[in-house]
Structure formats: structure tokens, C-alpha cells
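**Q** Under my numbering, read the sequence shown as residues 2 to 526, first letter to last. Below is the structure I would like to discuss, written out as C-alpha cells.
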Amino acid sequence: MLVRVRSVAHVGLTTIPVEVEVDVASKGFPGFNIVGLANKAVDEAKERVKTAIVNSGMAFPDKRITVNLAPADIPKEGSAYDLPMAVGILVASKEVEWSDEDARAVYYGELGLDGKLRHTKGGLLVGLWVKKSGSTSEQIARKQSVSDEKPCVFVPVESANGVAVVSGIEVKPVRDLVQLVEHFKGDKKIKSLNNIKSTDLIEAAAVDFDMAEVIGQEQAKRALEIAAAGGHNVLMVGPPGSGKTMLAKALPGILPFLSEEESMEVSRIYSVMGLLGPGEALVRRRSFRSPHHSTSMAGLIGGGSNPRPGEVSMAHLGVLFLDEMAEFPRTVMEALRQPMEDGWVVISRAMGRMKYPADFMLVGSVNPCPCGYLGHPKHECNCSFRQVARYKQRISGPILDRIDLHVSVPAVEIDKLTVSSNESAQKSSQIRDKVMGTRERQTKRFSGDGIYTNAQMKNKQVKKYCQLGGDAERMMRIAAEKFAVSARGYFRLLKVSRTIADLDESEDIAERHVAEALQYRIKVF
């Protein structure tokens with residue numbers, strides 16, 4: 002008997018339908034074969050499914066079983082096909098019978114040897130695909146009305162929350178095979194999980210430091226406020242112990258909350274990577290990724306034989322912090338050019354081409370020289386001129402040109418390291434309120450352009466929204482010629498000026514806004 006069970010496969014962030022065809026033949030030698038370009042994890046499902054069915058108190062057919070994962074020309078990987086295979090075998094062997102409604106549902110999940118379903122990555126993508134796919138071809142052929150019937154998906158209990166955030170679908174959380182069989186027989190139907198409102202889950206980022214805890218460094222704090230308001234990249238240069246890392250770790254606390262759309266976008270990446278734990282529905286906070294300088298190019302950008310997202314994609318709509326930026330291999334740093342410019346990473350391999358979002362804020366910290374004390378008022382620098390020059394060459398000009406704000410973080414004087422000296426400092430929550438107001442103005446401005454921050458503006462939007470007055474334009478021209486600003490650098494100056502004007506609640510970019518933007522464009526490394 003031949004049975005077809007609906008499931009899905011993930012290729013990058015794209016979800017495609019997979020039809021699990023199960024045939025239990027009455028003739029031939031007993032066996033269990035899986036075809037359809039399955040990898041090792043899928044092939045091992047033979048043992049998991051067989052043992053799970055037996056340990057659940059049901060009979061496993063002593064016949065020739067053939068499972069085909071169609072379409073057969075697309076690679077299948079992972080353990081998510083365990084559940085549809087088990088369902089297909091149970092129905093094909095007439096151990097259970099299912100209704101037409103259950104036959105139209107999608108099945109997705111990994112089985113344990115005891116028949117229980119385990120948390121399976123990619124649940125959110127399954128829910129999004131089920132909602133998008135809507136009615137099945139069978140329903141359309143039968144001319145059935147689907148207005149009162151939601152698309153249905155059976156998933157493990159621990160993965161159900163990640164699917165239930167998608168509205169307009171019916172989610173059936175399955176504990177084990179016994180519960181599913183009881184559902185098919187009608188003894189005890191599985192109750193659908195209520196839809197989870199994503200807006201109820203989004204919250205402020207948990208941060209290690211509040212901005213008020215950072216002593217001094219007012220210029221650096223102002224630069225981070227501008228960066229947060231406009232989504233700009235920042236490079237901090239200063240000696241060891243000046244507070245660069247502390248400032249970077251305080252940055253998420255002044256970023257605006259994720260919107261519902263943004264949370265869903267980031268959660269797709271974390272879901273396919275398996276980084277949404279059991280019971281988790283969405284990524285609730287903006288990401289803060291801080292890879293070590295020994296990270297490989299595949300680890301930072303993404304890659305592998307089956308291309309997977311890297312740190313730049315994990316930091317999507319969040320912060321990518323590169324501590325000791327000059328210690329990263331130059332080849333790895335150069336790979337950041339495309340994602341910093343486009344907001345995407347495209348990885349091509351023999352098996353196909355993957356595209357992952359990578360729209361992040363880059364925050365880099367670096368010492369002024371190898372020993373770290375060049376220009377320090379109290380520590381003598383022991384580096385030669387050649388050593389300093391070679392050290393600065395580790396970060397190329399094109400990378401520095403793509404960083405909007407260059408800020409010096411000097412050593413803090415001992416006199417300022419007192420409890421009373423920092424009482425008047427602004428807290429992260431106060432700065433965040435100002436940043437959120439600025440972001441709202443940008444959202445309204447770019448409502449028809451498909452972008453939401455000043456940093457995302459292309460040349461077309463810059464010309465439209467960054468018009469300068471006479472004095473401001475004159476200052477920009479003089480500065481551009483004096484500091485030999487590139488065309489890219491000129492447009493980035495305009496974007497930063499626009500953000501400063503937004504923070505000032507000004508529709509026009511004034512001379513003072515350009516002047517402040519220029520001081521952050523003078524390279525300090």
C-alpha cells in the first residue's frame with residue numbers, strides 16, 4: 002500500500018515542500034530503504050523509526066518498506082523526516098487509519114527511540130511555509146472551500162511555540178507516537194495550540210553594562226547614540242582599559258526594541274540554525290555577537306559544504322562586535338565588504354547558491370599600536386614607527402571607508418574614577434527613548450522605500466532626503482577636499498549628518514550637524 006505524507010525541507014532560509022512516499026509491499030524480502038538524495042542523518046531514521054514504533058507498543062511490518070523523499074533531486078538532511086516516515090508506515094501497514102483532514106496536514110519532527118518527539122530546529126520556517134502554501138492542490142482539485150479550514154501542522158511539543166507565532170495556521174503539538182495514534186483513532190484528539198502574539202514576547206536586550214556605568218568617554222557615548230539612532234558602523238580606538246569593550250556591551254541597551262517584523266526575520270535565522278531552544282518561540286532581543294579573532298571566514302561570513310549562516314547573519318538587525326579588530330586575519334576582514342555594503346551574504350557552492358540576510362551594525366575596537374600605548378599621557382609606547390605602520394595596515398582602507406563613525410577613546414583620568422563623578426550620566430533607558438523617537442521619524446520618512454534607518458539609504462534616497470543648505474554644503478565641500486573624502490565617504494557623511502539632524506528633531510541638515518559628522522569622519526587609526 003502506498004501512502005503520501007506531507008513535510009518540508011529547508012535549503013538555506015528557503016522552505017520547499019517534500020512529499021514522503023511510503024510503500025509497504027506485500028511481496029519481496031523484508032527491508033527498509035530510503036531514497037531521494039538523503040544524507041546520513043536521514044538514512045539513520047530507519048533505526049529510529051523502527052525502534053520508536055516497536056517501543057510505542059505497535060507492530061512494525063515485517064515487509065519490504067520503501068520511502069521516497071520527493072523531489073528526489075534536492076538534498077535532504079536532518080532528522081525532521083522521522084515523524085512523517087513513522088506516520089506513513091503506520092498508515093500504509095493499516096496499523097491506523099487517518100481522516101482526510103489529517104492526510105492534508107504537514108508532519109515535521111524527530112523521534113526518540115522511546116517514541117517521544119524531540120525538539121526539532123526549523124519550526125518557525127515550517128509555520129511560515131504552511132501559512133504561505135495555504136490550501137493544498139488536492140483541496141483545489143476537489144473544489145473544497147478552505148475559508149473555514151486552516152492549514153494544519155503536527156510538530157513536537159517542544160517546537161510548537163516556534164510555529165504558533167505564525168497566525169492563520171493550526172498547530173498540533175505532539176508528545177509521542179502513542180498520542181498521535183490515539184488522535185488518528187479518534188480516542189483523544191490533540192488540541193490545537195493557541196496562537197502566540199509575537200508582540201507580547203519582544204523585550205529589551207539584556208545588557209552587561211548600563212551607559213551610566215561607563216565613566217567619562219562622553220564623545221564615545223555620543224557617537225554610539227548616533228550609531229544606534231541611524232544604524233551606523235563605529236570604530237573605537239584607544240589604549241587598553243579605556244572602556245571600549247564596556248561601551249560596546251552597553252550599546253544593545255540603547256537600541257530600540259525589535260518590531261514584530263524584525264523579530265520574525267531574525268528568528269528565521271536562529272530557527273534554521275537550531276538556536277531557538279525548546280519552548281522558545283522567537284528571538285526577543287536584538288542580537289549582540291562577539292566572535293573571537295581566531296574565527297574562520299566560514300564562521301564569520303557563513304559557508305561549509307552545506308552553506309550555513311555565519312556570525313554576520315546571526316547579528317542581523319543587531320550588533321557585530323569585533324574586539325581587537327586588527328587581530329582578525331586580513332582575508333577574513335575583507336570578506337566583510339559585501340555584507341557591510343549590501344546587507345546580504347551570498348554563498349555559492351556546487352550544491353547551490355544561498356542568500357542570507359546580514360544587515361548589522363559593526364562595532365570595532367582597536368588599540369592605537371601593538372603595545373596599545375601610542376599617545377598615552379602616562380605610558381611610554383615601545384613600538385617603532387615601522388611596527389605602528391604595519392599594525393595599522395592590518396585593517397584596509399576600503400573597510401575603514403565603510404565605517405561611518407571613527408571615535409577616539411582616551412584613557413580615563415584617575416580623578417574621574419569616583420562614585421560621585423558619574424552621578425549625572427544618562428542611563429541607557431533615557432538614551433534609548435531618544436533613539437526610538439529618532440527611529441520613528443526615519444520609519445515615517447522611508448515608509449515607501451522599503452528601508453527603516455538612515456544607514457540603509459542608497460544614493461537615490463541620500464539625494465532626496467539629505468539636501469544641504471548653503472553654509473552646510475560649503476563646509477562639506479571644503480572638508481571633502483581637505484581630507485580627500487571618497488565618494489562613498491561623502492555619502493556616508495551625509496547619512497550621519499541626517500541622523501544627527503534627526504536626533505536634534507530638525508527637518509533640515511544645518512551647518513552644526515555637518516560639523517559634528519565631520520569630527521567622526523577624521524580617521525583616528
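Here a beta-carbon is modelled for each residue, glycine too, at the ideal position from N, C-alpha and C.
Report the option in Gln468, Tyr491, Cys467 whose CA atom is closest to the CA atom of Arg478.
**A** Taking each of Gln468, Tyr491, Cys467 in turn and checking the Cα distance to Arg478, the smallest one comes out for Tyr491.
**Q** Measuring only the C-alpha atoms, how far is Ala213 from Asp44?
**A** 55 Å
**Q** Quick one: what's got a C-beta closer than 6 Å to Leu181's C-beta in the same chain, skipping five residues either side?
**A** Val175
**Q** Compare the C-alpha of Lys64 against each of Asn56, Ala71, Pro72, Lys51 and name the closest.
**A** Lys51
**Q** Can you round the beta-carbon distance between Ser268 and Leu277 to whole angstroms, since I take them to be within the 8 Å contact cut?
**A** The C-beta distance from Ser268 to Leu277 rounds to 7 Å, short enough to meet the 8 Å contact threshold.
**Q** So, are the CB atoms of Ile501 and Ile75 less than 8 Å apart?
**A** no
**Q** Starting from the N-terminal side, write out each stretch of the beta strand (DSSP E) that is 3 residues or longer and does not extend beyond the stretch 208-278.
**A** 235-238
**Q** Just to confirm the assignment, what range does the alpha helix (DSSP H) spanning His514 have?
**A** 512-520
**Q** Please say whether Ala53 and Leu114 have beta carbons closer to each other than 8 Å?
**A** yes
**Q** Across which residues does DSSP place Ile35 in a beta bridge pair?
**A** Val68
**Q** Since I believe Ser57 is in contact with Gly116 (beta carbons under 8 Å), could you give me their beta-carbon distance rounded to a whole number of angstroms?
**A** So it is a contact: roughly 4 Å between Cβ atoms.
**Q** Would you call the CB atoms of Leu202 and Arg285 closer than 8 Å?
**A** yes
**Q** From the DSSP secondary-structure annotation, give me the bridge partner or partners of Asp177.
**A** Lys117
**Q** With DSSP collapsed to three states, give me the class of Glu139.
**A** For Glu139, the predicted model reports a pLDDT of 46, less than 50, meaning its position is unreliable; a value from the coordinates is still stated below. For Glu139, the three-state secondary structure derived from DSSP is helix.
**Q** Give me the Cβ distance between Val1 and Met298, rounded to the nearest whole Å; I'm assuming they're in contact under 8 Å.
**A** Look at the range of the chain in this structure, 2 to 526, and you will see that residue 1 is not part of it.
**Q** Three-state secondary structure (DSSP) at Glu96?
**A** coil
**Q** Between which residues of its own chain and Lys189 is the CB-CB distance below 7 Å, once the five residues before and five after are set aside?
**A** Glu183
**Q** Which class does Ile348 belong to by DSSP, given the choice of helix, strand or coil?
**A** Residue state, collapsed to three classes: strand.
**Q** If you follow the alpha helix (DSSP H) that Phe492 is part of, which residue opens it and which one closes it?
**A** Taken as a continuous stretch (DSSP letters only), the alpha helix (DSSP H) holding Phe492 covers 488-504.
**Q** When DSSP labels each residue in this structure, what does Ala26 get in the three-state scheme?
**A** strand
**Q** Using three-state DSSP, classify Ile396 as helix, strand or coil.
**A** coil
**Q** For Val158, I'd like the list of residues in its chain whose CB is within less than 8 Å of its CB, leaving aside the five on either flank, ordered along the chain.
**A** Leu118, Pro174, Val175, Arg176
**Q** What does Gly304 pair with, by DSSP beta-bridge criteria?
**A** Arg309
**Q** Under 8 Å between the Cβ atoms of Ala71 and Glu111?
**A** no
**Q** Looking at the secondary structure, which residues open and close the beta strand (DSSP E) in which Arg5 lies?
**A** 3-12
**Q** Using the three-state DSSP reduction, which class does Tyr108 fall into: helix, strand or coil?
**A** strand
**Q** Which of the three DSSP states is assigned to Leu580 in this structure?
**A** Nothing can be reported for residue 580: it is not among the residues displayed for the chain, which extend from 2 to 526.
**Q** Can you grab the Cα-Cα spacing for the pair Glu96 / Met59, in whole Å?
**A** 8 Å
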